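Here's the structure we're looking at; comments come further down.
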Amino acid sequence: MRLLSPLAHIGRAVLGLLAATGRVTLFAIDGVSHIVRPPFYGREFLAALLNIGWLSLPVVGLTAFFTGGALALQIYAGGARFSAEAVVPQIVAIGMVRELGPVLVGLMIAARVTSSIAAEIATMKVTEQIDALVTLSTHPMKYLTAPRVLAALLVVPVLVGVGDIIGIYGGFIVGTQQLGFNSATYLKNTADFLEIADIASSLIKGCAFGGIAAIMGCYFGMQSGRGAQGVGQATKASVQAAAVLILAANFILTSVFFTT
Amino acid sequence: MIELENVHKSFGAKKVLQGVDLSIAKGESMVIIGGSGTGKSVTLKSVLGLVTPDQGRILVDGQDVLQADRDAFLARFGMLFQGAALFDSLTVWQNVAFRLLRGSLKRPKEEARSIAIEKLRRVGMKAEVADLFPSELSGGMQKRVGLARAIAADPEIIFFDEPTTGLDPIMSGVINDLIREIVVEMGATAMTITHDMSSVRAIADKVAMLHDGVIQWTGPIAKLDDSGDPYLDQFIHGRAEGPIEAIR
Ligand SMILES: Nc1ncnc2c1ncn2[C@@H]1O[C@H](COP(=O)(O)OP(=O)(O)OP(=O)(O)O)[C@@H](O)[C@H]1O
Ligand SMILES: [Mg+2]
């Protein structure tokens, strides 16, 4: 029996994980289904757009800019080892658009948006505001979850697009100011190298990551335990889950898009 | 008509309700008293379907609350939560008019606002507070905004969870009168939880005392003082000595 107990532990953990996956999946289906069924809460949707999209621009822009710049430096230094310094524009473009743009924006959204959604909804739960919503004939999934998930699905791809452009721009600045690239050639190489499929994959990833970030925030917020501790716990768990799921989804999407 | 039949509810190992039987006639004002943590709030929440009983049935006008069409069912209710539960992202008037700004009772914004201001006046608040946020109000003011929100859509059935806790004696009087008025003039059915014995006497038609997970005593307000029930006597006179232990 003793010997089997580690197995039992593993079994329980696996069952727990499966159950959690099931609950999250059901929650996600429920949340998404409310997006297409009336009533719609326009004001909440606009507030979510503003909060998730517009107010995330500074952090997304800065992250992408510095990453694009650093990427250019690394590729230049690395490329110099086999005299391939000239590939900087192409690799920066492909690296930003295919991987770093969506992943970094996704993680920034997990940090900024998932945490705030989870903390807000958890606080509402703890202070009985969710119960109050119900008694006022308003479905919490419709009023709280649907507008946020829809806003994230629509606006995170836009943020990813902006992040891609700013990241490439960061590489461009470093390339032309520090590494001695000609600006016209740099831009031409970037534009020639990128394909529509690269850009499409970037935006699709953005959409997926946005959905994950918003759903995780709502799910853990709604599941929150009681008191301030419950809110803290919900926030932490939501960011962890969103970040891990975004990275896992990125791997899956990359394998789907780019393995032939 | 609200009927609770043998309602049980536990949270984990903690048994809160252990067979509550209670019925409240239409247009009647029922006051629930009982020690802190005995499950009074849980009882109200289970009638609203916010808490699902482990056992037993709750009927409103003969219909099981868990099977009723939620929207139509909830449209008849108003509820004041113990902690007010105001939406802190909305202003005071938007909180009060929440129901009137969306859903089946939706009406023009101006009209909703003027109804909200009228309801605020009835709970003793000036129109100036309408545009403040709940976080800018004191606890007692938040409570009264919660009360205004509960009555905003003129519900048929109203639940008040400690409506006068945290209010000064004059405001308590105003709120007691208001609750009495809502029951008498609008014919609403009310269920009120309170620890304030003067409120009990001011608003109750009937009183029920919850103790140890069951209704220990219930009867008309006139019988409150000569019930002969030692639990009730200890409670209404606030004695430390008696069958109810002080440490719970
Ligand atoms: N969601 C919940 N999860 C776990 N326990 C709960 C929950 N809601 C209530 N309880 C427990 O049920 C018991 C009864 O709670 P309830 O809020 O109904 O008390 P009450 O009679 O309203 O007390 P008070 O007069 O202090 O408001 C308490 O012990 C409380 O801790
Ligand atoms: Mg209570």
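Residue numbers (my numbering), protein chains in the order written: chain A, 25 to 284; chain B, 12 to 259.
No residue lacks a Cβ here, since even glycine has one placed at the ideal position from N, Cα and C.
Because the structure is a prediction, the values reported are computed rather than measured.
In its chain, beyond the 5 residues on either side, Ala-267, Ile-270 have a beta carbon closer than 7 Å to the beta carbon of A/Leu-131. Burial is judged here by how many other beta carbons sit within 10 angstroms of a residue's own beta carbon; A/Ile-192 has at least 16 and is buried. Chain order gives the chain B residues near A/Val-158 as Leu-59, Gly-60, Leu-61, Arg-81, Leu-85, where near means a beta carbon separation below 9 Å. Distance from the C-beta of B/Thr-49 to the nearest heavy atom of ligand 1 is below 7 Å. Residue side-chain check: A/Ser-29 keeps its Cβ at 7 Å or more from all non-hydrogen atoms of ligand 1.
The beta-carbon of A/Gln-153 is placed less than 8 Å from the nearest beta-carbon of chain B. Within 10 angstroms of the beta-carbon of B/Asp-236 lie fewer than 16 other beta-carbons, which makes it exposed. Closest in alpha carbon position to B/Thr-63, among B/Leu-77, B/Gly-73, B/Ser-52, B/Gly-50, is B/Leu-77.
Under the rule that a run must span 3 or more residues, the beta strand (DSSP E) segments found entirely inside the segment 14 to 66 of chain B read 25 to 35, 40 to 45. Look at the segment 91 to 105 of chain B: the residues with a C-beta under 7 Å from a C-beta of chain A are Phe-92, Gly-94, Ala-96, Phe-98. Using a 10 angstroms sphere on the CB of A/Ser-29, the tally of other CB atoms stays under 16, which defines it as exposed. For A/Trp-78, the number of other beta carbons within 10 angstroms of its own is below 16, and it is reported as exposed. The shortest CA-to-CA distance from A/Ala-237 to any of A/Ala-215, A/Ala-135, A/Tyr-167 is the one to A/Ala-135.
Taking C-beta atoms under 8 Å as the contact rule, B/Val-107 and B/Ala-163 qualify, at a distance of about 5 Å. Interface flag for B/Arg-124 against chain A is unset, since no Cβ pair is found closer than 8 Å. Contact annotation for B/Arg-155 against chain A: no contact, minimum CB-CB distance about 15 Å [criterion: below 8 Å]. In this model, A/Ser-80 and A/Ser-225 are separated by some 21 Å (Cα to Cα). Taking the Cβ atoms as the reference, A/Asp-155 lies roughly 5 Å from B/Leu-61, within the contact range of under 8 Å.
Proximity of B/Phe-88 to chain A, defined by a Cβ-Cβ separation below 8 Å, is satisfied. Straight through space, the alpha carbons of B/Leu-85 and B/Leu-15 are spaced by roughly 17 Å.
For A/His-58, no pairing in a beta bridge is given by DSSP.
Annotated three-state conformation of B/Lys-217 is strand, per DSSP.
For A/Pro-164, no Cβ of chain B is located within less than 8 Å of the residue's own Cβ. Taking C-beta atoms as the reference points, A/Gly-119 and A/Ile-190 fail to come closer than 8 Å. Unbroken alpha helix (DSSP H) stretches of 4 residues or longer found wholly inside the segment 92 to 177 of chain A: 112 to 118, 125 to 133, 139 to 150, 153 to 159, given in chain order. Per the coordinates, the alpha-carbon of A/Ser-279 lies some 12 Å from the alpha-carbon of A/Lys-229. In this structure, the alpha-carbon of B/Gln-227 lies about 8 Å from that of B/Tyr-242. Taking a contact as a CB-CB distance under 8 Å, the pair A/Ala-176 and A/Ile-76 counts as one, their CB atoms being some 5 Å apart.
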